[in-house]
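What follows is one structure encoded as structure tokens, with my remarks underneath.
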Amino acid sequence: MNSTVIPPETASVLNNPTRDSFNTALAKNIIVVFVWLCLSYINATVVITFFKNPIFSEEPRYILFIHMVINDAVQLTVTVTLYIVSYVFFKINVSFCSVLILLALFATMNTPLNLAAMAIERYVAICNPLRHSQICTVRRTCILIAVIWAAGLAPLLFDWVVFFATESLSFFHSSIFCYRENVFRSPLLYYKRQAFDILYFSFVSLTIIYTYLRIMFAARAATTDRSSAAKARNTILLHGVQLLMCMLTYVTPQIELALLYVFQGRISDSRYVTYLVVYILPRFLSPIIYGLRDKKFRKYLKRYFVCKPQKVQPALTGNSAPIRTGSVNAATIQVRDTFSTALAKNIITVFVWLCLSYINGALVLTFFKNQVFYEDPRYILFIHMVINDAVQLTVAMTLFVVSYVFFRINVAFCSFFILIAIFTTMNTPLSLAGMAIERYVAICNPLRHSQICTVRRTHILIAVIWVAGAVPAITDLFITLATEPAGFFHSSVFCLRDTVFTAPFLSYKRHAFDGIYFSFVCLTVIYTYLKIMFVAKAANNDAAKARNTILLHGVQLLMCLLSYGIQPLQSALVFIFPSHYVNIIYIIYLLVYILPRFLSPIVYGVRDQKFRKYLKRYFVCKGQTNPMEMNSTEGMFDTTFRGDAATIQVRDIFSTALAKNIIVVFVWLCLSYINGALVLTFFRNQVFYEDPRYILFIHMVINDAVQLTVAMMLFVVSYVFFRISVFVCFSLIFVAYFATMNTPLSLAGMAIERYVAICNPLRHSQICTVRRTHILIAVIWVAGAVPAITDLFITLAIEPVDFFHSSIFCIHSNMFRSPAVYYKGQAFDILYFSFVSLTIIYTYLRIMFAARAATTDRSSAVKARNTILLHGVQLLMCMLTYVTPVLEVALVGAFPKHVLEIRYAYYLVIYILPRFLSPVVYGVRDDKLRKYLKGYFVCKLQRVRPITLLER
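Using UniProt numbering, the letters of the sequence shown map in sequence onto residues 1 to 952.
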């Protein structure tokens with residue numbers, strides 16, 4: 001993490017520290033995380049203030065400032081991650097460590113360079129005010145940021161090149177304490193770093209000193225704007241202070257050695273103090289210099305920095321969906337949280353969901369990986385409830401987040417989520433009743449338990465639970481379809497049960513179902529508990545344990561049944577505390593829908609000895625570091641590669657697998673957010689409906705989103721389950737293959753549309769109609785589906801029936817094993833590649849010639865030519881899929897120990913990277929789409945006042 005190293009002969013003292021006691025480590029980590037959270041909150045508020053107010057987007061000083069804030073946030077996050085990882089795992093994989101180290105170093109190098117740039121901007125503003133607007137433009141500021149990135153990246157690229165050239169392959173598979181000197185060990189790098197440090201330190205220091213002196217002289221000589229010059233001088237002085245603190249990174253090893261010499265044996269404490277002073281403290285200054293001291297920025301910052309409760313008062317008008325309090329005569333209250341409050345609530349919700357999903361995933365994996373549980377009805381009912389709770393929690397979390405991001409969503413879409421949430425919520429108490437009955441039979445009728453509680457009857461019981469849970473939701477749906485007008489299902493509402501199912505008598509119907517189910521489940525649990533309790537008094541410890549289990553069922557049941565009586569309680573609380581409506585809803589959400597889901601793992605997962613024995617294998621993943629143990633199957637993740645001689649099978653260690661999956665999921669989330677904003681922009685603005693170019697574009701965006709989602713699912717599934725059913729694998733492979741083939745064909749279609757628009761503008765409206773565009777999309781779908789369908793037919797014809805009931809590692813070559821499929825695939829690839837390539841080249845050349853000859857609309861032709869050129873770049877990246885197998889075989893043959901890294905790199909370059917270009921080609925570069933996209937890409941807080949029912 002340091003920007004400079006000490007000589008190799010003295011480095012070993014610092015690079016192999018002792019480990020703190022648990023209490024000391026916990027205290028240090030809590031302090032670090034707390035400071036990181038505070039700084040992240042401040043930085044996030046500053047970033048939100050910048051992006052929510054366009055007034056700052058045109059000023060170079062604020063652009064440079066927000067760049068430094070984001071850079072510091074990244075640097076702080078990576079260093080905190082490294083700090084915590086060093087305590088949790090102590091030693092981690094070298095490849096994973098090198099990525100984190102390079103990110104931290106890159107961000108650390110950027111900070112002083114950014115300070116120099118900001119000092120220069122202030123110098124120009126004070127010493128050359130008349131030319132400031134010409135010299136410091138937004139475009140030049142962006143170029144300057146790019147130069148800073150290049151200058152910060154240059155030393156690191158050299159480190160990486162030397163690193164790969166000098167280290168052996170086995171080193172990349174080893175585990176080390178994650179410190180820069182432990183990764184980049186070459187003595188050559190020590191002298192290189194010193195040279196770069198001296199060069200950058202000299203440049204930045206001279207820049208700060210020069211600009212400070214020039215501004216100071218200007219402040220003394222100023223007669224008209226002395227206060228502005230004095231303020232700029234103070235700002236530069238604060239830059240100097242921050243710079244000096246940042247420059248401490250260059251002498252950190254010497255400081256650590258000096259502290260270690262004074263406090264012998266306290267290397268861990270010395271490093272901790274150095275970490276806080278060198279890496280944390282300087283990050284507090286950025287918000288002070290521009291955030292608190294700048295009046296203009298402070299004026300806007302106040303709106304987001306402190307959460308202020310909203311007063312709920314009656315209003316005459318409103319434009320948002322109402323949130324009912326449950327009473328027909330009561331006012332419909334409608335308030336929204338401030339951004340910071342909403343962000344905090346959503347972070348807590350998503351964090352709890354991730355924790356529960358991890359626990360539930362471990363339980364489900366334990367069940368399906370061990371056939372010993374398949375024949376036991378108690379575990380079948382338990383895993384059914386775990387899966388049901390996981391679905392309910394995911395849907396509830398999705399609804400919660402969606403309510404903050406979009407506020408209003410389509411009624412049909414909302415009703416789908418609401419029905420699933422109602423169905424799964426009703427299933428939980430019924431499942432508890434079923435599990436209580438099973439325990440009652442096992443304890444009170446042990447001799448007949450195996451005859452009464454069979455696997456078949458357990459499945460029938462689950463089906464009955466599903467039917468009973470679905471009845472209330474289905475009746476709500478049928479009544480709503482019968483009573484609401486058709487236009488209602490095309491409108492948008494705030495997604496609650498009361499806003500979708502609005503018929504008054506549905507409330508009475510719900511009360512009836514709730515009363516019936518509540519009575520049945522309560523009587524069942526009470527009866528079984530009493531019977532088991534009487535048996536426990538006269539029997540052994542098993543009965544006593546079953547009694548305790550039933551008691552826990554009862555506690556969980558009471559918490560689940562809170563949903564039946566929560567509406568009157570909610571109405572009463574809102575009536576007493578009307579200004580805290582949103583907080584009341586949030587607390588009820590956590591208590592009623594989240595907290596009961598923590599009990600299922602405790603009842604059967606932690607308390608059950610048999611299940612706990614197997615659960616330990618999957619709940620905590622343990623990585624192996626011994627190269628001789630690469631064939632072991634415990635604690636590792638698998639992948640396979642089929643070569644000519646044999647099938648190579650290697651498995652990632654846990655830390656590497658986790659890092660890869662986190663990167664993939666993070667990239668998928670980013671792209672899904674971008675694609676979602678584009679799709680929402682298209683469907684929310686009818687101006688795009690009649691333009692074929694936008695129809696084709698949004699088709700490609702949706703296709704890419706599907707392809708990316710399926711590819712991500714295949715990647716994650718390959719690590720979690722390794723082998724899956726052939727039927728499931730085929731479904732995923734078919735969709736991924738189909739969507740991958742569609743992308744280049746869509747690019748060809750979009751290139752043809754641009755060609756017609758530029759070269760035949762007068763006939764464009766007759767040739768490129770909406771109807772013909774839909775026909776073209778259908779042709780693309782057919783052409784994309786043909787290769788996948790032929791693969792299916794060939795496989796069905798030649799594979800035995802047993803193959804379709806087996807499990808495989810899900811890749812195309814394992815699914816479609818016939819040599820005929822391979823040659824057929826090559827033929828289709830050559831055919832499609834030739835067609836699309838010729839189409840792109842022909843349209844590009846024609847548009848280029850048209851652009852040269854154009855006299856009236858040259859800019860439009862040039863823009864279309866550039867668009868086609870970007871299509872070509874995207875096409876080339878998509879076409880890499882056609883040569884991937886050949887390149888992969890060659891590289892694996894050359895580097896057989898790096899099968900996983902080669903496949904992962906291909907996955908990112910071939911399946912992920914091309915999907916970034918679609919938003920750039922049409923989203924960012926297109927003025928028309930960009931105009932509308934801004935309204936949906938960044939969620940802006942809406943001020944909403946309450947309305948009454950009479951005003952609806």
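Glycine included, each C-beta is placed from N, C-alpha and C at the ideal position.
With 16 other Cβ atoms within 10 Å as the buried cut-off, status of residue i
{"i": "S170", "result": "exposed"}
{"i": "P819", "result": "exposed"}
{"i": "F184", "result": "buried"}
{"i": "C670", "result": "exposed"}
{"i": "Q75", "result": "buried"}
{"i": "Q707", "result": "buried"}
{"i": "L354", "result": "exposed"}
{"i": "I653", "result": "buried"}
{"i": "A512", "result": "exposed"}
{"i": "T137", "result": "exposed"}
{"i": "K660", "result": "buried"}
{"i": "Y755", "result": "buried"}
{"i": "R457", "result": "exposed"}
{"i": "S632", "result": "Per-residue confidence for S632 stands at a pLDDT of 32, beneath the threshold of 50, marking its modelled position as unreliable; the derived number appears in the next sentence. Under this definition S632 is an exposed residue."}
{"i": "F730", "result": "buried"}
8 Å Cβ shell around residue i - same chain, five flanking residues per side excluded
{"i": "N760", "result": "I767"}
{"i": "H812", "result": "I733, Y737"}
{"i": "Y907", "result": "V664, A711, F715"}
{"i": "A104", "result": "M1, Q75, V78, T79, L82"}
{"i": "I452", "result": "V441, N445"}
Cβ separation of residue i and residue j, assumed to be a contact under 8 Å, to the nearest whole Å
{"i": "R122", "j": "I215", "result": "7 Å"}
{"i": "V455", "j": "H449", "result": "Incorrect: roughly 13 Å between the Cβ atoms, too far for contact."}
{"i": "F489", "j": "A412", "result": "5 Å"}
{"i": "residue 978", "j": "Y83", "result": "Nothing about residue 978 can be reported from this structure: the residues present for the chain run from 1 to 952 only."}
{"i": "N427", "j": "N388", "result": "5 Å"}
{"i": "F505", "j": "A470", "result": "Not really, about 20 Å apart at Cβ, beyond 8 Å."}
{"i": "V525", "j": "L432", "result": "7 Å"}
{"i": "L745", "j": "V836", "result": "7 Å"}
{"i": "C810", "j": "I724", "result": "6 Å"}
{"i": "C495", "j": "I418", "result": "7 Å"}
Local conformation of residue i per DSSP, three classes
{"i": "N370", "result": "coil"}
{"i": "N685", "result": "coil"}
{"i": "F809", "result": "strand"}
{"i": "F721", "result": "coil"}
{"i": "N128", "result": "coil"}
{"i": "S175", "result": "strand"}
{"i": "N410", "result": "strand"}
{"i": "I267", "result": "helix"}
{"i": "L153", "result": "helix"}
{"i": "F351", "result": "helix"}
{"i": "N675", "result": "helix"}
{"i": "C729", "result": "helix"}
{"i": "C768", "result": "coil"}
{"i": "T656", "result": "helix"}
{"i": "L762", "result": "coil"}
{"i": "residue 953", "result": "Missing from the structure shown is residue 953; the chain here goes from 1 to 952 and no further."}
{"i": "D376", "result": "coil"}
Same chain, Cβ closer than 7 Å to residue i, neighbours up to 5 away in sequence not counted
{"i": "V667", "result": "I912"}
{"i": "A421", "result": "Q392, V395, A396, L399"}
{"i": "F688", "result": "F682, Y694"}
Contacting residues, own chain, Cβ-Cβ under 6 Å from residue i (five flanking each side not counted)
{"i": "A25", "result": "Y87"}
{"i": "F56", "result": "F50, Y62"}
{"i": "I698", "result": "F682"}
{"i": "I383", "result": "F367"}
(request) Could I get the ranges of all uninterrupted alpha helix (DSSP H) runs contained in the region 468–547, with 4 residues as the minimum, in chain order? (result) 497–500, 505–538
(message) At 3 residues or longer, what runs of the beta strand (DSSP E) sit wholly inside the region 788–851?
(response) 807–809
(message) Extract the residue ranges of the beta strand (DSSP E) inside the region 23–108, only unbroken runs of 3 or more that lie entirely within it.
(response) 91–93
(message) Which complete alpha helix (DSSP H) runs does the region 416–444 hold, if anything under 4 residues is left out?
(response) none
(message) Runs of 4 residues minimum, wholly inside the region 166–223: which ones carry the alpha helix (DSSP H) assignment?
(response) 169–172, 180–183, 187–221
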